[in-house]
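There are 2 protein chains.
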Amino acid sequence: MARPTLKDVADRVGVSAKTVSNVVNGTGWVTDELRERVQVALLEVGYRPNAAARQLRSGRSGMIALAVPELSQPYFAELAASLVREAQGRMITVLVNQTDGLADVERKISEGIGATAVDGIILSPLALSAGDLEGRRDSTPLVLLGEHIGTSTFPHVTVDNTAAAKAATQHLLSIGCRRIAAIGAQEHGPNETALLRLAGYRAALEEAGIPVDESLILPVDGFHRADGARAARTILSAGLEPDGIFAFNDLLALGAMHTLSTANVRVPDDVAVIGFDDIEEGQYSTPTLSSVSPHTAELVATAIDLLLAQPPAPGMHTVGFTIAHRASTKGPAQ
Amino acid sequence: MARPTLKDVADRVGVSAKTVSNVVNGTGWVTDELRERVQVALLEVGYRPNAAARQLRSGRSGMIALAVPELSQPYFAELAASLVREAQGRMITVLVNQTDGLADVERKISEGIGATAVDGIILSPLALSAGDLEGRRDSTPLVLLGEHIGTSTFPHVTVDNTAAAKAATQHLLSIGCRRIAAIGAQEHGPNETALLRLAGYRAALEEAGIPVDESLILPVDGFHRADGARAARTILSAGLEPDGIFAFNDLLALGAMHTLSTANVRVPDDVAVIGFDDIEEGQYSTPTLSSVSPHTAELVATAIDLLLAQPPAPGMHTVGFTIAHRASTKGPAQ
DNA sequence: CGTGAGTCGTTCAACGTTGAACGAGAGGAC
DNA sequence: GTCCTCTCGTTCAACGTTGAACGACTCACG
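For the protein sequence lines, the chains are X and H, in the order given. Mapping of the first sequence onto our numbering: position 4 corresponds to residue 706, and the numbering continues sequentially without gaps. Mapping of the second sequence onto our numbering: position 124 corresponds to residue 826, and the numbering continues sequentially without gaps.
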């Protein structure tokens, strides 16, 4: 038994298909009495609109696409969860893609998700450069997340990475840290986030009159736990002996803390640690992890607003952040 | 400038739209020479098929829906990541929904995602009962994940929860544990998973000739870190003094370990801990967490196979698991 | 009483695609 | 020469929906 169409309902009530369409969408003029009869019929046959036909005719799909590097990373999972929740509240469906941080996948996605037409694309790029977006010939609205890609002509939403990184570093300074290591510099690939957070780190130290010790800036290949663990091993084996660590995201921080723990280095007694992203996991690690907490709900709401904004509002849109104070930075000074 | 259609390409080459369609889809008969000319034109105008029209005509959307309770939970995030990856490999797009574990949301999703027609729905139910699915009048293929809902007429894919829970408990027994607590029993709501894992726990103890101490079975409200932390506080305050803990998922285990750690109870020296799901986080916790590791890649591949299977293959399909041995169960006996 | 405005519903065409049915020509078999 | 088959491409209609345009009818106003 095929799915009932507008015509089926219309025949049942004895009106035109268009009138049923009007009832369904609340458009046009229909008397209350007729509207009610139609609504009864709609329920009786269990009518559900055909999304394809609706989209073909109206041009709108009611779907937006989200593309993140890896959904398995807690930050992106929490971001996706937040976005899906916000979208569901607006009767929008979210379609999820993974880019693995590969530039060509990111470009392909910015050009439209294969054959699937969506009303907008929210892309959290990792490797994409401004040039990749110049040649874009797809007209689907695009909003970028979390990165400032050159002089992009697309709207993008991000936390002020430099200010947040500076605040995190200042928090370490405020509890008495003086030799602060930074984990997360990226030498390969144009990872804007890493650059901006590094800038914030430098700014805080300079402002405090502390010379930057370049050996305390540790590069990583990626932003995973394993990379943080590796960086911490470098810290230990090189005998750098920092009294504070600012990791550019929570996974790096957690990986580092794991290494420190197995090496019997105490956190925060021997070295304080602060991360970035404030993922839920940090509230249950041992010790609990201090972190920069971006206002994710605001971020996703802004992203959707911008995506649907008419006319488009290009430029950078910044959302707020707070510093979550937890056990990993309850320093000797406190 | 509107998106180019088949007709635009056809006019350019001087053939019919249908022929271009044939080239795009590899259907029908086209000479190599003409095919090449069409393909050149396709690239020149940057043709991309209109998904809505294609779906309207063919009935297929190339999309499947995944519905999980919460995407922010690492297990579901990793599951979603795995599914999206597998689907992308098959040229399928995944659309993600969150149910918050609410029965009526789950039912609504099983009835089709709002207006959006998808080729299939993969649902990981929490509160749904068999009865909820009986009255289903949507014909979209449905595959259930991770739960055995009564005598369901739908295919479902799951790890053998009872066998896996039994294996986890036996692992604790094998390292010398004799007073093993279980965290994760659910008194409210028909959480099949909790029941099955509890059954496995009981079976392992009985088989080992150890009487089940009901006070060691701790109920939880949910499967989050906070619930595990709370259960561990109960263990401590009630003076239960177990020498092993089997938590019904990793989050419960991590929450419990956090509580134990702050109470200076050593893991695994004082009490060994094993979880379930083998989320990545467990490899970096302090100590690292032993866990039941379901074969997720196999799970999602099977789910998609079943979803697209013609004819449908109802019944339970089981995937394998292994026990990941880590520091949290390096017991005194070893 | 004519004109305009508001109300209620209809018909028509089109969105872009593809299955079905139908030529038209070339070649081979009888 | 006729019939059949195979190749290559066309035309036609339809998927279910909704914007635009259009009647018909009622009411108020000058």
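Virtual Cβ for every residue (Gly too), placed ideally from N, Cα, C.
In terms of residue numbering, what span does the beta strand (DSSP E) encompassing residue i cover?
i                : result
M765 of chain X  : M765 to V770
I947 of chain H  : G946 to A949
G1017 of chain H : G1017 to V1021
I877 of chain H  : No beta strand (DSSP E) contains I877 of chain H, which DSSP labels as neither H nor E.
A974 of chain H  : A974 to F978
S939 of chain H  : S939 of chain H -> not in any beta strand (DSSP E); alpha helix (DSSP H) instead, spanning R927 to S939.
Is residue i near residue j, with beta carbons less than 8 angstroms apart?
i                : j                : result
A1029 of chain H : S993 of chain H  : no
V770 of chain H  : T1004 of chain H : no
L953 of chain H  : R935 of chain H  : no
T871 of chain X  : G848 of chain X  : no
E808 of chain X  : D840 of chain X  : no
V742 of chain X  : L768 of chain X  : no
V726 of chain H  : V732 of chain H  : no
F856 of chain X  : R899 of chain X  : no
L875 of chain X  : A906 of chain X  : yes
G764 of chain X  : I811 of chain X  : no
P970 of chain X  : T1031 of chain X : yes
V845 of chain X  : L1009 of chain X : yes
P921 of chain X  : A867 of chain X  : no
I885 of chain H  : I947 of chain H  : yes
V1006 of chain H : A789 of chain H  : A quick correction: the sequence has Ile, not Val, at residue 1006 of chain H. In this structure, A789 of chain H lies closer than 8 angstroms to I1006 of chain H by Cβ.
S784 of chain H  : T998 of chain H  : yes
D979 of chain H  : Y777 of chain H  : yes
A1037 of chain H : A754 of chain X  : A question about residue 1037 of chain H goes unanswered here, because the residues of chain H that appear run from 703 up to 1036.
F1023 of chain X : P996 of chain X  : yes
D821 of chain H  : R759 of chain H  : no
Q800 of chain H  : L773 of chain H  : yes
E1000 of chain H : E983 of chain X  : no
R880 of chain H  : I912 of chain H  : yes
P1016 of chain X : P843 of chain X  : no
L745 of chain H  : V717 of chain H  : no
Please report the Cβ distance between residue i and residue j, rounded to the nearest whole angstrom; I am assuming they are in contact, meaning their Cβ atoms lie under 8 angstroms.
i                : j               : result
A955 of chain X  : L991 of chain X : 6 angstroms
V1021 of chain X : L781 of chain X : With 8 angstroms as the limit, V1021 of chain X and L781 of chain X do not qualify as a contact, their Cβ atoms being about 12 angstroms apart.
I937 of chain H  : A883 of chain H : 6 angstroms
H890 of chain H  : A931 of chain H : Contact flag wrong, Cβ pair sits at about 19 angstroms.
V803 of chain H  : A829 of chain H : At residue 803 of chain H the sequence reads Gly, which differs from the Val that was named. Indeed they touch by this definition, with Cβ atoms about 6 angstroms apart.
V796 of chain X  : I766 of chain X : 6 angstroms
V711 of chain H  : Y749 of chain H : 5 angstroms
A819 of chain H  : N863 of chain X : That pair is no contact at about 41 angstroms.
V722 of chain X  : V740 of chain X : 6 angstroms
If you follow the alpha helix (DSSP H) that residue i is in, where does it begin and where does it stop?
i                : result
M959 of chain H  : D952 to T964
F778 of chain H  : P776 to G791
G803 of chain X  : Run containing G803 of chain X: none; DSSP gives neither H nor E here.
G1002 of chain H : Correcting the residue identity first, residue 1002 of chain H is Val in this sequence and not Gly. Residues T998 to L1010.
Using a Cβ-Cβ cut-off of less than 8 angstroms, give me the residues of the segment 741-770 of chain X that come near chain H, in sequence order. G748, R750, P751, N752, A753, A754, A755, R756, Q757, L758, S763, G764 and M765
Those runs of the alpha helix (DSSP H) which lie wholly inside the segment 882-919 of chain X and span at least 4 residues: Runs of the alpha helix (DSSP H) inside the segment 882-919 of chain X: 894-909.
Give the residues from the segment 949-968 of chain H that approach chain X closer than 7 angstroms (Cβ to any Cβ), ordered along the chain. L956, G957, H960 and S963
Along the segment 768-787 of chain X, where does the CB come closer than 7 angstroms to a CB of chain H? Name the residues. E772, L773, S774, P776, A779, E780, A782, A783, V786 and R787
Could you pull out every unbroken alpha helix (DSSP H) segment of at least 4 residues lying fully inside the segment 815-873 of chain H, listed in chain order? Those alpha helix (DSSP H) runs which fall completely within the segment 815-873 of chain H and span 4+ residues are 832-836.
If we require 4 or more residues per run, which alpha helix (DSSP H) segments fall completely within the segment 715-767 of chain X? 719-727, 734-747 and 753-760
Residues of the segment 796-810 of chain X in Cβ contact with chain H at a cutoff of 8 angstroms, in chain order, please. V796, L797, V798, N799 and Q800
Members of the segment 918-938 of chain X near chain H, C-beta cut-off 9 angstroms: H926, R927, A928, G930 and A931
If contact means a Cβ-Cβ distance below 8 angstroms, which residues of the segment 889-910 of chain H contact chain X? Per Cβ criterion, the list is empty.
Looking at chain H, which residues of the segment 829-845 of chain X have a Cβ within less than 9 angstroms of any of its Cβ atoms? R839, D840 and S841
Can you list, in chain order, the residues of the segment 988-1004 of chain H whose Cβ is nearer than 9 angstroms to any Cβ on chain X? For the segment 988-1004 of chain H, which is checked against every Cβ of chain X, the residues closer than 9 angstroms are T988, P989 and T990.
For the segment 976-987 of chain H, enumerate the residues whose C-beta is nearer than 8 angstroms to any C-beta of chain X, in chain order. E982, E983, Q985, Y986 and S987
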